[in-house]
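What follows is a set of notes on a single structure, which appears directly below.
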Amino acid sequence: MFFRRWNFGWDRFSEVDIFTDRHDTSAETLSQAIRAAASEEPDADGSVPFGHLQGTVVGLRYYTGVVNQGEMVGLVRQPQNPYDRNAVMVANIYGNQVGHIKRELAAAMAHIMDNNLAKVEGVVYSGTKNKFNMPVTLSFWGREENKNAVVENMARRGFKLNTSTSRPTGANEMSYNSIQRKKGLTIPLTAAELKNAFDNLFEGLVESDDGEKEAADSVATPLLPHQRQALSWMCARENKSTLPPFWEKRGELYYNTLTCFSAKEIPERVRGGILADDMGLGKTLTTIALILTNFHNGKPLPVERCEEERASPVKANTKPKMASKPAGSSSAGDGAGVSDAAAGSVCSDLPQTEVICVDTPDIVEITSQSEKSASKGKTKATKRKPSKAAPVLLDDLDFAAALGGSASDAAPKKKKTANKANPTPSVESLYLQRADDLSARATLIICPLSVLSNWLEQLEQHVRADVKLNVYLYYGSERNRSQKFLSSQDVVITTYNVLSADFGNKSPLHGISWLRVVLDEGHIIRNPNALMSKAVLDLKASRRWILSGTPIQNSVKDLWMLLAFLRLKPFDVREWWNRVIQRPATQGDRAGLQNLQTLVKCITLRRTKSSEANGRPLVSLPEKNVSVEQVELSQQEREEYELARSEGRNTIGRYVAEGTVLRNYADVLAILMRLRQHCCHPDLLAKTSSSDLGAAATPAELRERLIEKLRSVLASGSDEECSVCLESVNLPVITHCAHVYCRPCIAQVISTEKEIARCPLCRSEIKASELVEFPQEEMEEEKSTNAERWRASSKVQALMGNLLRQQSEDSSIKSLVVSQFTRFLTILETPLREHGFTFVRLDGTMTQKRRTQVIQEFQSSSADGPVVMLLSLKAGGVGLNLTAASRVFLMDPAWNPATEEQCIDRCHRLGQKRNVVVTKFIVKDSVEENMVKIQRQKQDLVEKAFGSTNSDRKTSRIDDIKALMEL
DNA sequence: ACCGCCGGGTGCC
DNA sequence: ACCGCCGGGTGCC
1 MFFRRWNFGW DRFSEVDIFT DRHDTSAETL SQAIRAAASE EPDADGSVPF
51 GHLQGTVVGL RYYTGVVNQG EMVGLVRQPQ NPYDRNAVMV ANIYGNQVGH
101 IKRELAAAMA HIMDNNLAKV EGVVYSGTKN KFNMPVTLSF WGREENKNAV
151 VENMARRGFK LNTSTSRPTG ANEMSYNSIQ RKKGLTIPLT AAELKNAFDN
201 LFEGLVESDD GEKEAADSVA TPLLPHQRQA LSWMCARENK STLPPFWEKR
251 GELYYNTLTC FSAKEIPERV RGGILADDMG LGKTLTTIAL ILTNFHNGKP
301 LPVERCEEER ASPVKANTKP KMASKPAGSS SAGDGAGVSD AAAGSVCSDL
351 PQTEVICVDT PDIVEITSQS EKSASKGKTK ATKRKPSKAA PVLLDDLDFA
401 AALGGSASDA APKKKKTANK ANPTPSVESL YLQRADDLSA RATLIICPLS
451 VLSNWLEQLE QHVRADVKLN VYLYYGSERN RSQKFLSSQD VVITTYNVLS
501 ADFGNKSPLH GISWLRVVLD EGHIIRNPNA LMSKAVLDLK ASRRWILSGT
551 PIQNSVKDLW MLLAFLRLKP FDVREWWNRV IQRPATQGDR AGLQNLQTLV
601 KCITLRRTKS SEANGRPLVS LPEKNVSVEQ VELSQQEREE YELARSEGRN
651 TIGRYVAEGT VLRNYADVLA ILMRLRQHCC HPDLLAKTSS SDLGAAATPA
701 ELRERLIEKL RSVLASGSDE ECSVCLESVN LPVITHCAHV YCRPCIAQVI
751 STEKEIARCP LCRSEIKASE LVEFPQEEME EEKSTNAERW RASSKVQALM
801 GNLLRQQSED SSIKSLVVSQ FTRFLTILET PLREHGFTFV RLDGTMTQKR
851 RTQVIQEFQS SSADGPVVML LSLKAGGVGL NLTAASRVFL MDPAWNPATE
901 EQCIDRCHRL GQKRNVVVTK FIVKDSVEEN MVKIQRQKQD LVEKAFGSTN
951 SDRKTSRIDD IKALMEL
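Heads up: the first sequence begins at 1 in UniProt numbering, then just goes up one per residue.
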């Protein structure tokens, strides 16, 4: 249990502390804490208003937090308060305490808040002249089923909730309502409009006013226009001093127009943002250019130059690769900074003249300047205002101005011009160098393991050969953990996994003040409860970037994590994000959605492959030609298929009639999968024939069948998701009712239930001891398909026909042969070998090292290199660069057309020189054709709709299944 | 805090 | 003088 001392030094403690530990301090038991954490998500989304009431905030004079008229406040339980264990603290957006809720009301609220029956939110609508207390409007939110309990509980203690519909929702509700009424916009968005709006959230985010910027000399590759534009935008985001969105200067104060919070201090700006360009537009190159181009004060990164003639014989060694290997020499690790870190390189033998290091004159100047401003800032921050009568309720500034009270420049009409014309003190000058730690040099890049090698390659490729950029790959057990060493690098690259493994274990990465932290594929930090996310949020950096081709994957919720990483005040605190953006937006409030769009627009640059700049496409990729080749089954195959189909149809038809599709979901999937396997090759079915319904005879048999089903579900390659976390299953286990979940997810469900745990999908009773795992050794026996017994199939012949024809036309063309079934890939190896095709294989079971090796082999242009890559659809994930191929054969259709697109994009991307030809093999009159039909429907509707609940998705899947089986 | 509450001083008008 | 009234001290939770 965390004990918090409520001493007097706490008015400056960070707002994150207050809210993130909320459950720790309020929950009495662990199970309560788990329940609280587990229920946090649904609460935020599915909460309904219970009502509101007027309360009183007392004790204002003891605290420094001030509140504007109309400002939102946070309510935090303080169970450890020595005077009253029911205490409820009131804090403003910055987490500065304003006061407490009056005792009797707090006593009533404590019970409700502690049991998570409702979330209580406060807004201070009307002011008071009084320095000691003020009214606050408290609104209660929660799950529908808790509403009556909450209302009654409050009533019993003498607090009647006003349940009328004119609920106050946010600080500016009054003004929004009046604006909306005038414009006639009170009707909330329909679900379809909402979905569309979310879908398009990241569309058309092209910031064109920044112009273009040339990269520093040290960048070897000339940037394309859109990359120069991105570089310019990124530099501006790092250097320019504009107020964050929704903040404006009013008189002497900085005012947040959404929460009505204001502060004397300038709100911390966001140095960085989201580069959300489509895959293939060169986010990596642009980021490398940013690193080299924008050091402190917009100057290029001071990098050591090797003299051409001396360096050239060993040029390769001085390049990133050299530095990237773990520096074994202890002198480099523990040495004193830049020059020692370079000790291993050839360059250190050169006269020091070319070495630009930290103590060049102009940098010294900057440093001293920063010290000045830093100390100035410090005194400002620590010096308490002598007039301790701080807690005055500030009247609305416009209101004050209208009364003729204060500064005329706050008058509404003049406000805008006054801000522009009056340069003293400009926002720009106020920022000074405050946020930038000028001693910071290194950029930390965090990426998924799958793209790690890509970063190293691209650094090698895009950094000039005579520039010695210190790049360190922080990976592997031998990694150098010296902070001194790491912080003296120019670039440190690591993976999310390494970062979270280090986290909490005196992580050197967390002890360093980075110049810049870059999250590559940043959308993968999405779950705020994940250790990885926490590890990422805990990094110290003055500039923060997220690179992601798909910043939103499922819902607006995903955005929060990104904003929290960027530290976009005040939305980095979940409560304010929920109250001000997420809830209004998901409930169809137009103003809320508008705010969300503004927010995204301010921090994001996104161009798609089809975007244009000045009427010309950003990148001219070679053409892509997608065609479907129908495959006719042989008579024997057709007979076998029809037999399986009618069997399956009967079974599924029975489930549909009984309404037990969900209960038998795994079976249904297995049937579908078998049909899909029939379409590819009969041998794929060998393993999965025996299982049928019926009472299990022995536990061993049951177990065998469950494993069988689990294997079917997994082997199908369909993007089976865990119904608890809604992501692809991780550490899959199958329940006795044959539903597949991630082990941690279902384990949590079981441990949270008090008495009997039930399957989230079919409500059958489940036990932790009955979860069945996929046995490890299963993977091995798959290889047993022997060559003698090998036979062809129509689809195999179709592929081979294409490959042979192509080889005779142009033998230099390389192909990707893609299937969801890794066993199908194995089957395909035989005819490929037979016809003398050299090939490599890439699937999910391979180690990263092997993958890199295979990709390199495939990408190399050597004459006897592989011409075919057998690729499992889900392998590798995004970012894979397979531009050596210009021909793609999709052997079987995927549930999700986006997966296919992504796969095609691995070769149809920047760097592709040839036209790309894609062939999709679809068996005529089969489940595959139906899958394609469903894909088409989905492209209109766009799968993974926002706001759709888990059960909605399952229902739509049932509909899909019916369509597939033509029921 | 232009309140409420507490507790000591005080006690016709 | 076991009350009322006055006026100073005081005040979140």
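The beta carbon of each residue, even a glycine, is placed where N, CA and C say it ideally should be.
Report buried or exposed for residue i, applying the criterion of at least 16 other Cβ atoms within 10 angstroms of its Cβ.
i	result
His462	buried
Gln635	exposed
Leu499	buried
Gln97	buried
Asp114	buried
Leu452	buried
Lys767	exposed
Glu173	Low confidence applies here, because Glu173 scores a pLDDT of 44, under 50, leaving its location unreliable; read the following figure in that light. Glu173 comes out buried.
Val48	exposed
Gly99	buried
Where residue i and residue j are concerned, what is the direct C-alpha to C-alpha distance, given to the nearest angstrom?
i	j	result
Lys754	Ser723	21 Å
His908	Ala216	29 Å
Leu675	Ser513	56 Å
Trp895	Ile112	44 Å
Val517	Leu509	11 Å
Ala263	Gly70	15 Å
Pro135	Ile101	10 Å
Phe246	Phe198	20 Å
Arg607	Asn497	29 Å
Lys924	Glu632	6 Å
Pro386	Arg61	With a pLDDT of 34 at Pro386, under the threshold of 50, the modelled position of this residue cannot be trusted; read the value that follows with caution. Rounded to whole angstroms, Pro386 to Arg61 spans 14 Å at the Cα level.
Asp43	Thr899	Note on Asp43: pLDDT 46, under 50, position unreliable in the model; the coordinate value appears next. Each residue's alpha carbon lies about 32 Å from the other.
Cys447	Ile524	9 Å
Leu685	Val656	25 Å
Asn162	Arg663	43 Å
Lys609	Leu910	10 Å
Leu456	Ala440	22 Å
Ala276	Val619	16 Å
Lys129	Gln483	54 Å
Gly588	Leu596	12 Å
Between which two residues does the beta strand (DSSP E) carrying residue i extend?
i	result
Asn133	133-142
Gln54	48-58
Met869	868-872
Gln902	Counting along the chain, Gln902 falls outside any beta strand (DSSP E), though it belongs to the alpha helix (DSSP H) covering 897-905.
Arg886	For the record, residue 886 in the displayed sequence is Ser; it is not Arg. 885-890 is the extent of the beta strand (DSSP E) around Ser886.
Ala541	540-547
Thr822	That residue, Thr822, is in no beta strand (DSSP E); its alpha helix (DSSP H) goes 822-834.
Just to confirm the assignment, what range does the alpha helix (DSSP H) spanning residue i have?
i	result
Asn497	496-502
Met561	557-566
Cys447	Element bounds for Cys447: not the alpha helix (DSSP H) but the beta strand (DSSP E), 443-447.
Ile112	103-114
Met965	From DSSP, Met965 is part of no alpha helix (DSSP H); its letter is neither H nor E.
Leu910	Leu910 -> no alpha helix (DSSP H), and no H or E assigned at all.
Tyr472	It is not in any alpha helix (DSSP H) - Tyr472 instead sits in the beta strand (DSSP E) that spans 471-473.
May I ask whether a heavy atom of the ligand SAH can be found less than 6 Å away from the beta carbon of residue i?
i	result
Ile291	Within the structure as shown, the ligand SAH is missing, as the structure has no ligands at all.
Any chance the segment 225-238 sits against the segment 293-309, with 3 or more Cβ pairs inside 8 Å? They touch, by the three-pair rule.
Output the residue ranges of the alpha helix (DSSP H) runs that lie fully inside the segment 589-643 and measure 4 residues or longer, sorted by chain position. With a minimum length of 4 residues, the continuous alpha helix (DSSP H) runs that stay inside the segment 589-643 are 590-603.
Taking the runs of the alpha helix (DSSP H) that are 4 residues or longer, which of them lie wholly in the segment 734-818? Runs found: 743-752, 778-781, 794-809.
Taking contact to mean 3 or more Cβ pairs, one atom from each stretch, closer than 8 Å, check whether the segment 123-130 and the segment 75-89 are in contact. Because the criterion of three Cβ pairs below 8 Å is not met, the segment 123-130 and the segment 75-89 do not touch.
Three or more C-beta pairs below 8 Å linking the segment 591-601 and the segment 568-583: In short, these stretches touch, since the Cβ pair count reaches three.
Identify every run of the beta strand (DSSP E) within the segment 206-267, keeping only runs that are complete inside it and at least 3 residues long; order them along the chain. As summarised for the segment 206-267, the continuous beta strand (DSSP E) elements at least 3 residues long and confined to that stretch are 247-250, 253-256, given in chain order.
Indicate whether the contact test is met: 3 or more Cβ pairs, each with one atom in the segment 843-853 and one in the segment 786-802, closer than 8 Å. Cβ pair count under 8 Å is below three, so no.
Pair every Cβ in the segment 915-934 with every Cβ in the segment 848-863, then say whether three or more of these pairs are closer than 8 Å. Judged by pairs of C-beta atoms under 8 Å, the segment 915-934 does not touch the segment 848-863, as fewer than three such pairs exist.
Tell me whether the segment 530-549 and the segment 557-569 touch, counting them as touching only if at least three CB pairs, one residue from each stretch, are closer than 8 Å. A contact exists between the segment 530-549 and the segment 557-569.
Check whether the segment 219-226 touches the segment 573-580, counting contact only when three or more Cβ pairs, one atom from each stretch, lie closer than 8 Å. The segment 219-226 vs the segment 573-580: no contact.
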